[in-house]
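Trainee: Last residue of the sequence shown: 402 (this note's numbering), numbering continuous. We put the beta carbon where it would ideally sit given N, CA and C, even for glycine. A quick note: this is a predicted structure, and the numbers were derived from the prediction, not measured.
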Amino acid sequence: MASERREVLDFGSIVIDHDRGQLSVDGSARYLTPMERDLLWALAQQPGEVVDSDDLLQEVWGYPPGLNTRTLDVHIGRLRRKLGENGRNPRHILTVRSVGYRFDPSPDT
294 MASERREVLD
304 FGSIVIDHDR
314 GQLSVDGSAR
324 YLTPMERDLL
334 WALAQQPGEV
344 VDSDDLLQEV
354 WGYPPGLNTR
364 TLDVHIGRLR
374 RKLGENGRNP
384 RHILTVRSVG
394 YRFDPSPDT
């Protein structure tokens, strides 16, 4: 029997288990919807890098570039809450105006 390889990103206080659709923040498990999982995974694959909003919409939802929708903003808000963030002063998912979002897994930003 072949061993299964799970896709997990471990940033210490934040652990993302893609296969289980689970986010762990300071040891507390939070379950993610499939879209939340895919969005967080897309951001976390490039920690510290700005990911273009159009790229996220295309990768996660399959939307064409240039589509004007609030879908991304709504899902980012949900992820921020699951990360325990204050919407006015987020620590881990940062908005880069007119470009996209940046995931910062470090506890002190």
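(1) Which class does Arg374 belong to by DSSP, given the choice of helix, strand or coil?
(2) Indicate the three-state DSSP secondary structure (helix, strand or coil) for Val389 in the structure shown.
(3) Kindly indicate which three-state DSSP category Ser399 falls into: helix, strand or coil?
(4) Does DSSP classify Ser321 as helix, strand or coil?
(5) Quick one: what's got a C-beta closer than 8 Å to Gln351's C-beta in the same chain, skipping five residues either side?
(6) To the nearest angstrom, how far is the alpha carbon of Asp319 from that of Ile307?
Mentor: From the atom records:
(1) Here residue 374 is taken as the residue at index 81 of the sequence shown, counted from 1. It is helical.
(2) Against the sequence shown, residue 389 aligns to sequence position 96. The answer is strand: DSSP assigns Val389 an E or B state.
(3) Here the question's residue 399 lines up with position 106 in the sequence shown. Coil at Ser399, not helix or strand.
(4) Position 28 of the sequence shown, counting from 1, holds the residue named residue 321. Three-state result, Ser321: strand.
(5) For the purposes of this step, residue 351 is identified with residue 58 of the sequence shown, where counting begins at 1. Contacts found: Pro357, Pro358.
(6) Locating residue 319 in the sequence shown gives position 26, counting from the first residue. Locating residue 307 in the sequence shown gives position 14, counting from the first residue. For Asp319 and Ile307, the distance between alpha carbons rounds to 6 Å.
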